[in-house]
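What follows is a short report on a single structure.
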Amino acid sequence: MIRRAARGTALVASLVLAAGAGAQQAQQRAAAAPTPREAAPHDLTGYWVSVVTEDWRWRMITPPPGDYASVPLNAAGREAADSWDRAADIQSGNECRPYGAGGIMRVPGRIRIGWEDDVTLKVETDAGTQTRLFHFGAFQSSAEPTWQGDAVASWEMVGARRGSPPT
């Protein structure tokens, strides 16, 4: 009878210890969530250069005003494009306006991608001399708005892709 009680006590004690250890391991796993840098699906860091093999007309030169053949526009979009005045932008200090974040990736040039820290991906271009900072997680900009802007980023993994490990 004493052996039975001792076995029962030992069993209960081992279950309590195992449960405590399991909870501690779960807390450690939760606390050790990977940083966005570690969670990146691919390492894109390094120097990149574009090779222009298509759309030469739209990628190699800045089009003259009124030339928006490669951009699908409605009437309001055409009106806005036709009213743009490059000289006025230069005079007002907005000479970088045509090289905005949306168009810079189609302009031929070199790109450097790197991590500023574990939660900020930095993309630098020599065409238009831009720097884009992609902030992962909660981010509040304290500066005045600029053409460079601030971007809040996240990795989106949708199913398994060829060459990617299964999720």
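According to the numbering used here, the sequence shown holds residues 914 to 1080 in order.
Idealized CB from N, CA, C, for every residue including glycine.
Since this is a predicted model, take the numbers as computed values, not measurements.
DSSP state of residue i, grouped into three classes?
{"i": "residue 1024", "result": "strand"}
{"i": "residue 946", "result": "coil"}
{"i": "residue 961", "result": "strand"}
{"i": "residue 951", "result": "helix"}
{"i": "residue 928", "result": "Note that residue 928 has pLDDT 47, beneath the 50 cutoff, so the model's placement of it is unreliable and the number below is only indicative. Note: residue 928 maps to helix in three-state DSSP."}
Using CA atoms only, rank isn't needed, just tell me which of the options is closest to residue i.
{"i": "residue 1045", "options": "1028, 1055, 955", "result": "1028"}
{"i": "residue 1022", "options": "1033, 988, 1035, 1043", "result": "1043"}
{"i": "residue 1009", "options": "992, 994, 990, 1040", "result": "1040"}
{"i": "residue 1050", "options": "1064, 1059, 980", "result": "1064"}
{"i": "residue 1024", "options": "960, 954, 1054", "result": "960"}
{"i": "residue 1034", "options": "957, 1003, 945, 947", "result": "957"}
Could you please give the first and the last residue of the uninterrupted beta strand (DSSP E) stretch that includes residue i?
{"i": "residue 1043", "result": "1043-1049"}
{"i": "residue 984", "result": "It is not in any beta strand (DSSP E) - residue 984 carries neither H nor E in the DSSP assignment."}
{"i": "residue 1064", "result": "1064-1066"}
In terms of residue numbering, what span does the alpha helix (DSSP H) encompassing residue i cover?
{"i": "residue 1001", "result": "999-1004"}
{"i": "residue 992", "result": "988-995"}
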